[in-house]
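Below is one structure, written out as structure tokens; the observations come after it.
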Amino acid sequence: MHGPAAPVPAIHTSDYGIGDRAVRTRTIHRVNFEITDTVTVDLPTGARLLHVAPCRQHPDRRIDLWYECRVGVPARPHTLHVEGTGHPIVDDALYVGTVVASNGLVWHVYLDARLAQEVVLP
13 MHGPAAPVPA IHTSDYGIGD RAVRTRTIHR VNFEITDTVT VDLPTGARLL HVAPCRQHPD
73 RRIDLWYECR VGVPARPHTL HVEGTGHPIV DDALYVGTVV ASNGLVWHVY LDARLAQEVV
133 LP
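Below, the structure written as structure tokens:
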């Protein structure tokens with residue numbers, strides 16, 4: 013297993029506007045991780061998990077995870093479990109999403125429930 017994957021900035025979303033000027037307090041980031049049984053990714057407290065998909069650079073070996081978070085909130089390690097169809101699932105893990113790789117394999121991503129209260133699931 014490799015160290016925590018670093019988030020990749022994606023796009024910004026606006027929380028609210030003041031007059032004709034939008035105040036931006038949230039952002040969307042992408043992190044990608046290896047397809048393996050258990051991985052650790054850094055996610056900010058309160059992050060909203062949005063989507064998982066095959067990684068664009070390595071679609072058969074890595075998964076992209078997009079999340080929305082407040083700007084400036086520090087990240088901490090979270091454990092994800094990647095399970096193939098028909099494989100046993102870790103007890104108490106919470107479903108995040110499913111990825112269909114270009115090689116035909118299907119992977120199901122779960123969040124370790126011990127820190128699940130720190131993020132918002134899709």
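If you're matching positions, the sequence shown starts at 13 in my numbering and goes up one per residue. For glycine and all other residues, C-beta sits at the position ideal for the given N, C-alpha and C.
Reduced DSSP secondary structure (H/G/I, E/B, other) of Ala-125: Helix, per DSSP.
Contact check, Glu-80 vs Arg-126, beta carbons under 8 Å: No. Outside cutoff.
Buried or exposed by the 16-neighbour rule on C-beta atoms within 10 Å, applied to Ala-59: By the Cβ-count criterion, Ala-59 is buried, with 16 or more other Cβ atoms from all chains shown falling within 10 Å of its own Cβ.
For Asp-54, the residue or residues it bridges with in DSSP: Beta-bridge analysis with DSSP links Asp-54 to Pro-89.
Beta-carbon separation (whole angstroms), Leu-133 vs Tyr-122, contact threshold 8 Å: Rounded, the Cβ-Cβ distance is 10 Å, inconsistent with contact.
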